[in-house]
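The structure appears right after this line, and notes come after that.
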Amino acid sequence: MFQERKAFEPDRDYRLAPFRFSPLDGSRYVVTNDVGEHVVLSREHLVAFVQRTLPPDSAPYKALKSRHFMFDRQSRVALDLLALKYRTRAEQLAAFTGLHIFVVTLRCDHSCQYCQVSRQAEDRTRFDMTLEHADKALALVFQSPSPALKIEFQGGEPLLNFGLIRHVVERALEMNRARGRDLQFVIATNLSRLSEEILAFCRQHGIFLSTSLDGPQALHNAQRPVRGGDSHQRTVDGIRRAREVLGAQAVSALMTTTRASLDRVEEVIDEYVRLGFHGIFLRNLSPYGFAVRRKEGQDYDVDRWIAFYKRGLAHILKLNAEGYALREEFTAILLQKLFSPQGSNYVDLQSPAGLGIGALVYNYDGHVYASDEGRMLAEMGDFSFRLGHVARDDHAALLTSEPLLSHLSDTMPEGAPMCSDCAFLPLCGADPVFHRATQGDSVGHKAFSAFCKKQMAVLRHLITLLEDDPSARETLLGWL
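In this text, residue positions in the sequence shown follow our numbering: the first is 3, and each later residue adds one.
Printed below as a string of structure tokens:
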């Protein structure tokens, strides 16, 4: 007498929640769910998980169950928790635009070869934002429903139009008395025009400063030339003076990796340590503005930057092991996406993209862009990410404009070829401006995307460190 088929089947008393998997290395796979939870499995355990034959007392089973990759027939708790986590990660979308960038001038006193914004000479004041445009942009800022607003002043060198910065800050504070928003200000500056008057104003109103520091003196001076040749010394002096007046935490710095930097990552990091910084962003070169117009001296392929990043992260972990606390900021953003319930608010790694929703850019001429990179792309003649103008459009019109909605619909990786099946999807995001600049459309062909190659390489490296190096894991999790 033949027995029924079910008598020969293993006991499958759990159901699978949606998940994706991708190779980590030659023998292991990264498995992720829709909220960014991840587990690393051997091929054997992955096959057993899919076939629902994992022993309940095994470590992989317990890890998968605790992170909501499976649920049983008797309980919906795991499914409800998964839905709660998904809602938590998406709730930032409801706040809408929190970052508002004012490009108060394109004029600049530096001549950086990788400049992304097509700077103008110091005497060309027609590239300054007008008072009228600034006031209309401020009205748009306060039309955003976001409870927290950050106004960031950019250029060019924004301190060349400090009078307008003063006006915007004072006017914004006055408008905010009746609105009660959490209001912050940041000036992105090379610090060369930092006067005592400006420092006093920043101290009075709690304004943060963000500057550029590309590494030790010779490297910084070569990459960021200024009349007199002392760009590095001006920056260092500005950092010191700003810290004395505003406090150490009120000044941050950002570097850009050029071809000249690639073999000097340890020197770059050591310069940040020498100057007392406890954070560094190993930022790759962006394909906008002069960075591509003069690319013969600056460009490099993504593989070289990945090698640069890995060496840099190893050096940073070594410094931490020796007792100096230093955080790599790009890594910290990815760690937030790996482990934080809210994920990360970093605009460039959102899904849908942070275009308009995360930031709006008010250009010197009154045009409004969906992102800072979109504004940079416009300087190259591509206006795909221009949403409107401060003189004719309100906040609702900007956020329902066709340029924004069409691009946002293209930046849901869940529906993009190759992204939809990739385990790194919930940890990655979309960068439509990058793909528009490099491939001609906002989706891009992922097989040839430097953005995708960079993200997957960094995430694989980071997850491998977390799995295989206990000392590195302790340091990295400490950055959260």
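No residue lacks a Cβ here, since even glycine has one placed at the ideal position from N, Cα and C.
Checklist entry - Going by Cα to Cα distance, which pick from Gly230, Leu248 and Ala220 is closest to Arg266? => result Position 264 of the sequence shown, counted from the first residue, corresponds to residue 266. Out of Gly230, Leu248 and Ala220, Ala220 has the C-alpha closest to the C-alpha of Arg266.
Checklist entry - Is the beta carbon of Leu81 within less than 7 Å of some heavy atom of the ligand SAM? => result Absence of the ligand SAM is noted for the structure shown, with no ligands found whatsoever.
Checklist entry - At what residues does the alpha helix (DSSP H) containing Pro472 begin and finish? => result For this step, residue 472 is matched to residue 470 along the sequence shown. Run containing Pro472: Pro472 to Gly480, per the alpha helix (DSSP H) assignment.
Next on the checklist: Let me make sure I understand the geometry here. Which of Gly314, Val270 and Thr260 has the alpha-carbon closest to that of Ser288?
Outcome noted: As a position in the sequence shown, residue 288 is number 286, starting the count at 1. Considering only alpha carbons, the answer is Thr260.
Checklist entry - Which of helix, strand or coil does DSSP assign to Tyr88? => result Numbered from its first residue, the sequence shown carries residue 88 at position 86. In the structure shown, Tyr88 sits in a helix (DSSP, three-state: H, G or I).
Checklist entry - Going by the CB atoms, is the gap between Leu196 and Leu248 shorter than 8 Å? => result Locating residue 248 in the sequence shown gives position 246, where the first residue counts as 1. Locating residue 196 in the sequence shown gives position 194, where the first residue counts as 1. The answer is no: Cβ separation not under 8 Å.
Next on the checklist: Within 8 Å, do at least three Cβ pairs link the region 124-143 to the region 376-388?
Outcome noted: no
Checklist entry - On the premise that His437 lies in contact with Ser422, defined as a C-beta separation below 8 Å, what is that separation, rounded to the nearest angstrom? => result Position 420 of the sequence shown, counting from 1, holds the residue named residue 422. Position 435 of the sequence shown, counting from 1, holds the residue named residue 437. So it is not a contact: roughly 16 Å between Cβ atoms.
Item to check | Unbroken alpha helix (DSSP H) run spanning Val170, endpoints | outcome: Along the sequence shown, read from residue 1 onward, the residue named residue 170 stands at position 168. Where Val170 is concerned, the enclosing alpha helix (DSSP H) stretches over Phe164 to Asn178.
Checklist entry - Cα-Cα, which of Pro434, Leu410 and Cys424 is closest to Leu379? => result Locating residue 379 in the sequence shown gives position 377, where the first residue counts as 1. When each option's Cα is compared against that of Leu379, the closest is Pro434.
Checklist entry - Can you tell me the Cα-Cα spacing of Tyr366 and Phe104, whole angstroms? => result The sequence position of residue 366 within the sequence shown is 364, counting from 1. The sequence position of residue 104 within the sequence shown is 102, counting from 1. Taking the straight line joining both Cα atoms gives about 7 Å.
Item to check | Backbone secondary structure at Thr440 - three-state DSSP | outcome: Taking the first residue of the sequence shown as position 1, residue 440 is located at position 438. Helix, per DSSP.
Checklist entry - Mind checking Gln156: buried by the 16 CB within 10 Å criterion, or exposed? => result As a working mapping, residue 156 is identified with position 154 in the sequence shown. Burial call: buried.
Next on the checklist: If you measure between the beta carbons of Gly358 and Gln352, is that distance less than 8 Å?
Outcome noted: Along the sequence shown, one-based indexing puts residue 358 at 356. Along the sequence shown, one-based indexing puts residue 352 at 350. No, these two residues do not count as a Cβ contact at 8 Å.
Item to check | 7 Å CB neighbourhood of Glu469 in its chain, flanking five on each side removed | outcome: Position 467 of the sequence shown, counted from the first residue, corresponds to residue 469. Excluding positions up to five away in sequence, the list reads Val42.
Next on the checklist: Can you look up Thr213 in the DSSP assignment and give me helix, strand or coil?
Outcome noted: For the purposes of this step, residue 213 is taken as residue 211 along the sequence shown, with counting starting at 1. Residue state, collapsed to three classes: strand.
Next on the checklist: Mapping the DSSP letters down to three states, classify Gln186 as helix, strand or coil.
Outcome noted: The sequence position of residue 186 within the sequence shown is 184, counting from 1. Three-state DSSP puts Gln186 in a strand.
Checklist entry - Terminal residues of the continuous beta strand (DSSP E) containing Pro354? => result Position 352 of the sequence shown holds residue 354. That residue, Pro354, is in no beta strand (DSSP E); it is neither H nor E in DSSP.
Next on the checklist: So His112 and Val228 are supposed to be a Cβ contact under 8 Å. How far apart are they, rounded?
Outcome noted: The residue labelled residue 112 in the question sits at position 110 within the sequence shown. The residue labelled residue 228 in the question sits at position 226 within the sequence shown. Rounded, the Cβ-Cβ distance is 5 Å, consistent with contact.
Item to check | Element boundaries [beta strand (DSSP E), containing Arg30] | outcome: As a position in the sequence shown, residue 30 is number 28, starting the count at 1. That run of the beta strand (DSSP E) goes Arg30 to Thr34.
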